[in-house]
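Heads up, the thing below is written out as structure tokens.
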Amino acid sequence: MKSHVTAALVGCGGIARSQHLPNLARSKSIRLKTVCDVNAAAAEAAQRDYAVPQMATDMADVLADPEIELVVVATKEDFQVPLTCRALEAGRHVYVEKPLAATPAECARVIAAQARHDKLVHVGFNRRFAPACRDAARIINRHGGATNIFARISDAYWDWGRGQPPGVRVIHEVCHVFDLLRWLTGADAESIYCACARPDDEIYTLKFKSGCVATIMNSGRVTWDLPKERLEIVTREPGAVLIEEFVELRAYGWLDEPPVTTYAGHTQPGGEFTHKHLFEKLGAPALEAFRRMRWEMRLRAEAGKTEAGDPELDKFMRESFPHVNYLVDKGWRAALEHTADCMLGRATFDGAGPADALAASQLAEAAIRSRESGEVVRL
Ligand SMILES: NC(=O)c1ccc[n+]([C@@H]2O[C@H](COP(=O)([O-])OP(=O)(O)OC[C@H]3O[C@@H](n4cnc5c(N)ncnc54)[C@H](O)[C@@H]3O)[C@@H](O)[C@H]2O)c1
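In this text, residue positions in the sequence shown follow the numbering used here: the first is 359, and each later residue adds one.
Put into structure tokens, the structure is as follows:
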């Protein structure tokens, strides 16, 4: 039986360097043969740093190689649909980053292309594969399903986000939460309402066809020391589950569920051990301490001081720990491995496909319409 698939990575920017390259490089099920980026320097750096056999600046060269079976697309939503469709037309399976596209109509193009070519399209809603979310889903399903959810996704909005038109965070970031809530409730949303305090600082209330209601707090205007994501879920049988930034799950109301479960951090080759160990042992307090430390160092760096005042320590800090948003395990690595397992016949596809990307995109579009009209939008 085949033991691995051969892949190419298209787009060697932020998410590729922080997740896909390190995760592909140590995968036993995926052999990364080619890296491709229109920016030759980015492709060369990825090839050099991860000892990848080939590099390209044109997707055509990737698709001309008959050995490539899987194309991982991590460009930006303006190119992800055309690149995914090209890969499908060339008979390749695809793992493509979220948001698949900026509009529902674009997402629908991938649904049509997949129907024509019958290949796997896994959209990078990786939180479905986060160990904490897997455990939460199991607990919720065992206790009658979710009836009431609160989700926070908050961030010191990154430089790229600030360069975008105000209010697009719902497309780029909240799409993760839309998908996660659909997955956790097993249902589509029937309505959404948006109340906006200022651009990229708003709430959405949703009602799902399962009867579950949800509130999402979305803010791009907090600081790095606040953990980015939190979920609180009430179940039909009396009880609740709370997830703090993927490192700690607390279960309330059941004697047969552990009250606290902690999860190791996301690991990076060569720089992984301290935070992984501490998150596993201590959960949320360890994450809070790491975030606080990185935030204070960043403030000092912005004030013109070196991060720790010591070049050796600075270098250690920069090279040893991922960005705060990549310290925890949000399922990136497991999502890629699942793609390979499906291609190798070891698993049945359980991730998000283009129809899920379409549903998330429709929710983002409806949220924007509600923000503009002040009305509840029915889907
Ligand atoms: N799943 C997650 O948690 C997560 C986290 C961060 C980003 N993302 C998503 O990943 C995608 C990429 O984000 P990023 O931050 O890495 O962006 P980025 O701008 O840092 O990198 C994109 C790279 O793609 C290259 N590129 C653009 N068009 C190309 C083309 N036609 N062919 C080949 N290369 C091309 C660019 O030169 C750049 O190097 C976005 O859709 C983003 O939303 C997902």
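The C-beta atom is built at its ideal place from N, Cα and C for all residues, glycine as well.
- Counting along the chain, Phe-604 sits inside no alpha helix (DSSP H), nor does DSSP assign it H or E at all.
- Among the bridge pairs identified by DSSP, Thr-573 is matched with Phe-508 and Thr-563.
- Shortest gap from the CB of Thr-433 to any heavy atom of ligand 1: under 7 Å.
- Within the DSSP secondary-structure output, Cys-554 pairs in a beta bridge with Glu-560.
- Residue range 388-394 is occupied by the beta strand (DSSP E) that includes Cys-394.
- His-681 sits exposed, since fewer than 16 C-beta atoms from the chains shown fall within 10 Å of its C-beta.
- Proximity of the region 592-607 to the region 490-506 meets the contact definition, three or more beta-carbon pairs being nearer than 8 Å.
- Annotated three-state conformation of Arg-691 is helix, per DSSP.
- DSSP places Val-431 in no alpha helix (DSSP H) but in the uninterrupted beta strand (DSSP E) bounded by 428-431.
- For the region 402-480, the continuous beta strand (DSSP E) assignments of 3+ residues that do not extend past its boundaries occur at 412-414, 428-431 and 451-454, in sequence order.
- Of the residues assessed, Gly-623 falls on the buried side of the cut-off, its CB having 16 or more other CB atoms within 10 angstroms.
- Our two residues, Ala-448 and Leu-428, have alpha carbons roughly 11 Å apart in a direct line.
- In the structure shown, the three-state DSSP call for Tyr-610 is strand.
- Inter-residue distance for Leu-379 and Cys-465 is about 25 Å (C-alpha atoms, whole angstroms).
- Burial check for Gly-703: the Cβ neighbour count within 10 Å stays below 16, so the residue is exposed.
- Checking the 7 Å criterion, the Cβ of Leu-441 is within range of a heavy atom belonging to ligand 1.
- As computed with DSSP, Ile-591 is found in a beta bridge with Ile-507 and Val-599.
- Under the criterion of beta carbons closer than 8 Å, Pro-462 and Gln-626 do not qualify as touching, at roughly 35 Å.
- Nearest neighbour of Glu-590 by Cα position, chosen from Arg-556, Trp-541 and Tyr-610, turns out to be Tyr-610.
- With distances taken between CA atoms, Ala-365 lies nearest to Lys-386 out of Ala-553, Ala-644, Lys-386 and Leu-607.
- The Cβ atoms of Val-535 and Ile-511 lie closer than 8 Å to each other.
- Per DSSP, the continuous beta strand (DSSP E) segment holding Thr-619 begins and ends at 618-620.
- Distance from the CA atom of Arg-444 to the CA atom of Leu-657, rounded to whole angstroms, is 44 Å.
- The beta carbon of Tyr-408 sits closer than 6 Å to the beta carbons of Leu-379 and Ala-383 from its chain, once the five residues preceding and following it are set aside; these are given in chain order.
- Taking each of Ala-717, Ala-722, Val-580 and Ala-713 in turn and checking the Cα distance to Leu-478, the smallest one comes out for Ala-713.
- The C-alpha of Tyr-515 is placed about 18 Å away from the C-alpha of Met-651.
- At least one heavy atom of ligand 1 lies closer than 7 Å to the C-beta of Asp-395.
- Excluding the 5 residues flanking it on each side, Ala-401 has same chain C-beta neighbours closer than 8 Å at Cys-370, Val-393, Cys-394, Asp-395, Met-413, Ala-414 and Thr-415, in chain order.
- Taking 8 Å as the cut-off, the Cβ atoms of Val-468 and Thr-442 count as close.
- Bridge partners of Ser-549 according to DSSP: Lys-565 and Arg-736.
- Using a C-beta cut-off of 8 Å, the region 452-459 makes no contact with the region 416-423, since fewer than three inter-stretch Cβ pairs fall below that distance.
- Minimum Cα-Cα distance from Lys-360 among the listed residues Ala-698, Leu-542 and Ala-715 corresponds to Ala-698.
- Looking at the DSSP output, Leu-367 sits in a beta bridge with Val-393 and Val-430.
- Taking the CA atoms as reference points, Leu-367 sits about 14 Å from Ala-398.
- In the structure shown, Ala-661 adopts coil according to DSSP, grouped into three states.
- The alpha carbon of Lys-634 has as its nearest neighbour, out of Glu-606, His-530, Gly-544 and Arg-406, the alpha carbon of Glu-606.
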